Amino acid sequence: MYVVATAGHVDHGKSTLVERLTGTWPDRLAEEQRRGLTIELGFAWTEIDGRRLAFVDVPGHERFVPNMLAGVGPVPAVVFVVAADEGWMPQSAEHLAALDALGVRHALLVVTKADLADPGPATAEALSHLAVLGSCDVVAIGRGGDLEPVRRALCALVDRLPAPDPAADLRLWVDRAFTVRGAGTVVTGTLAGGTLRAGDELELAGERVTVRGLQSLGAAETEVTAVARVAVNLRGVDRDRVRRGDALLTPGEWVHTSEVDVAVRAQGELHRELVLHLGAAAVPVHVRPLGTDAARLRLREPLPLRIGDTGLLRDPGEHRIAAGITVLDVRPPPLRRRGAARTRAAELAAGRVLPPPIARASELRAMGFPLTGKRIGEWVVDDAALARAREEALSRFDEWSSRNPVAAGMPVEALRQAAGLPAAELVPAALDGTGLVIADGLVRRPGAGLPAPVLSALARLDERFRSQPFRAPEADDLTELGLGARELAAAVRAGRLTRIADGVFLGPDAVPRAAEVLGTLPQPFTVSEARRALDTTRRVAVPLLELLDARAITARTPDSRRHLR
């Protein structure tokens, strides 16, 4: 399907042309029919040479320009209508300014009422104005004249349109909402990208909604692919919850923002308070210029926007299009510091709008940035950010290690926070090339030695163990040597001590030496016999024997004696 909007001055024949092409008069309101004036958006459709065309007929009167913009916003092509007997008119100019600002570059000029006046002058003048949209075919027709040239030109117009992406994230701008008895709330819009299916769960105004049914061109459908005019029946949604300018969205794939930086194509003085028209939405904004060709817009209410979106700024007080805009950044940096606005203006002028250095891939895609950095799980990290994180991680690890010289290692979570990384899964990448490793939730440097004071204390213990290998030092002895809990744990990890029980430590070879001594006893043997053979106290003998049991060096008999296995 192809969707085409109309544009042009009031009474130049837009609705009449749509009716002649489709057989449907697009003005549906009683007031429109009574006054002979298009007020709201009208819709009609037809098929031409195998091409299904839907028309969005817009008002031509200046009082209803906001309605016109709601219909044209999501539409890729336009039929511009100029009457031969009146030629180019003020509202023609405002409609053209809107189309130019919105970036519409596919147009067909239809000069109507060619039976009332020579269409040549009106055609020449209109083409001189429409040149801003690019090349434009022209058809002149009289009242009741042959429409075949118009149909051929329409086919040529839509055949030039770029193919939409059927897999794109869905954003259906609502241009109309109403209630159907027995069905509930129905919204309509132009599906510019993506695919819509009955049963889909979508997001509307921050809440999840379900598609109960679909229609396109008056027929029920189970699936509709862009580009298309669609009517969506929403299950369980109150009509009062929906208004023009809302959007049905793929859940979780869009950034709602109330502040954006935009490129500006100004068409006159840019006042501070204007209205942003984008899609079918119209939102008052405060404009802060950033240089000559950019601005920051503060929206009165957030919209689901992406980088590259086009819209326009309108001055409703002066009834004019003030500027076309293209969204450059949907999460711009704050401008609090002195000179920040000037720096930002230079960045925008140079096209240096960069994505966050570390962000989830889904967040970047929702903002409209390409995924060009290094992928780490669900994250995208640029090389410079990864280098900075690596440098920071190494520096913070060294600082931590100097404060905790005998610790097993720095907790991964502590390093993550110190390095400013948003997720633990990024820590291994930040440590790559630093020589640091992760084990058991700790970051450590392999082969790191014990501090000199600890080594000195252990040397003194080694002397004691040489003559009395099974006499564990008392707590006071360990304290006097400067061996606290952390130092002792580090010595055990380094293989310099064997932990027998809480507060009980022997030399590194205590277990094999004990097995050797116990092997000289008659088997089986009692705890007392083992204690005497080892020349130690019960405080050491009991847990040492239990350790030998646990390592399957000894085994207990039913009478609580032991023997070597």
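In the working numbering, the protein residues as written are 1 to 565. By construction, the Cβ of each residue, glycine as well, lies at the ideal position given by its N, Cα and C atoms. None of these values were measured; they are calculated from a predicted model.
Quiz item: Count the other CB atoms within 10 Å of the CB of His-271; is the residue buried (16 or more) or exposed (fewer)?
Solution: exposed
Quiz prompt | Val-527 versus Arg-496: straight-line alpha-carbon distance, rounded | solution = Arg-496 has its alpha-carbon roughly 27 Å from the corresponding atom of Val-527.
Quiz item: Can the beta-carbon of Thr-554 be found closer than 9 Å to that of Ala-472?
Solution: no
Quiz item: Do Leu-234 and Thr-210 come within 9 Å of each other at the CB atom, strictly closer than that value?
Solution: yes
Quiz item: In terms of residue numbering, what span does the beta strand (DSSP E) encompassing Arg-52 cover?
Solution: 51–57
Self-check item: Buried or exposed (CB count within 10 angstroms, at least 16 for buried), Gly-36
Solution: For Gly-36, the predicted structure reports a pLDDT of 42, less than 50, and the residue's modelled location is therefore unreliable. The matter cannot be settled from this model.
Quiz item: What's the gap between the Cα of Val-504 and the Cα of Pro-422?
Solution: 42 Å
Practice problem: Compute the distance between the beta-carbons of Ala-117 and Ala-7, then report whether it is under 9 Å. | Solution: no
Practice problem: Tell me whether His-12 is buried or exposed, calling it buried when 16 or more other Cβ atoms sit within 10 Å of its Cβ. | Solution: buried
Quiz item: Grouping DSSP H, G and I as helix and E and B as strand, with all else coil, what is Glu-32?
Solution: Bear in mind that the predicted position of Glu-32 carries a pLDDT of just 35, short of 50, making it unreliable; the figure below should be weighed with that in mind. It is helical.
Quiz item: Quick one: what does DSSP say Lys-113 is sitting in, helix, strand or coil?
Solution: Here Lys-113 sits in coil by DSSP.
Quiz item: If you draw a straight line from the C-alpha of Arg-352 to the C-alpha of Val-81, how long is it?
Solution: Per the coordinates, the alpha-carbon of Arg-352 lies some 40 Å from the alpha-carbon of Val-81.
Quiz item: If you draw a straight line from the alpha carbon of Pro-558 to that of Pro-453, how long is it in whole angstroms?
Solution: 47 Å
Quiz item: In three-state DSSP terms, what is Val-180?
Solution: strand
Practice problem: For the beta strand (DSSP E) containing Arg-565, list its first residue and its last residue. | Solution: Looking at the DSSP string, Arg-565 is not in any beta strand (DSSP E), and its letter there is neither H nor E.
Quiz item: What is the rounded straight-line gap between the Cα of Val-72 and the Cα of Val-412?
Solution: 54 Å
Quiz item: In terms of residues, what are the limits of the alpha helix (DSSP H) holding Gln-468?
Solution: Counting along the chain, Gln-468 falls outside any alpha helix (DSSP H), and DSSP gives it neither H nor E.
Quiz item: In terms of residues, what are the limits of the alpha helix (DSSP H) holding Pro-149?
Solution: 148–159
Quiz item: Bridge partners of Ile-376, per DSSP?
Solution: Paired residue(s): Trp-379.
Quiz prompt | Beta-carbon separation (whole angstroms), Ala-457 vs Leu-483, contact threshold 8 Å | solution = 5 Å
Quiz item: Just reading off the beta strand (DSSP E) that Gln-523 is part of, what are its end residues?
Solution: From DSSP, Gln-523 is part of no beta strand (DSSP E); its letter is neither H nor E.
Quiz item: Pro-356 and Arg-331: beta carbons closer than 9 Å?
Solution: yes
Quiz item: Based on the DSSP output, what are the partners of Pro-284 in its beta bridges?
Solution: Val-275
Quiz item: Span of the beta strand (DSSP E) holding Val-540?
Solution: No beta strand (DSSP E) holds Val-540; the alpha helix (DSSP H) holding it covers 538–550.
Exercise. For Ala-414, I'd like the list of residues in its chain whose CB is within less than 6 Å of its CB, leaving aside the five on either flank, ordered along the chain.
Key: none
Exercise. Output the distance between the C-alpha atoms of Arg-375 and Ala-430, rounded to the nearest integer angstrom.
Key: 13 Å
Practice problem: Using 10 angstroms around the beta-carbon of Asp-476, count the other beta-carbons present and answer buried if the total reaches 16, otherwise exposed. | Solution: exposed
Quiz item: For Trp-254, which of Glu-529, Ala-107, Ala-494, Ser-362 has the nearest alpha-carbon?
Solution: Ser-362
Practice problem: Could you tell me which uninterrupted alpha helix (DSSP H) segments, each at least 4 residues in length, are contained entirely in the region 286–366, listed from first to last along the chain? | Solution: Runs found: 340–349.
Quiz item: In terms of residue numbering, what span does the alpha helix (DSSP H) encompassing Asp-476 cover?
Solution: 475–480
Exercise. Give a yes or no on whether the minimum CB-CB distance between Phe-470 and chain C is below 9 Å.
Key: Absence of chain C from the displayed structure is noted, only one protein chain being present.
Quiz item: For the candidate residues Ala-228, Pro-76, Arg-320, Glu-203, whose alpha-carbon lies nearest to that of Leu-214?
Solution: Ala-228
Quiz item: If you follow the alpha helix (DSSP H) that Thr-557 is part of, which residue opens it and which one closes it?
Solution: Looking at the DSSP string, Thr-557 is not in any alpha helix (DSSP H), and its letter there is neither H nor E.
Self-check item: Cβ contact (3+ pairs, closer than 8 Å) linking the region 106–124 and the region 321–328
Solution: no
Quiz item: Touching or not, the region 367–383 and the region 392–407, by the rule of three or more beta carbon pairs under 8 Å?
Solution: no
Quiz prompt | Residue of Gly-291, Glu-301, Pro-166 minimising C-alpha distance to Ala-341 | solution = Gly-291
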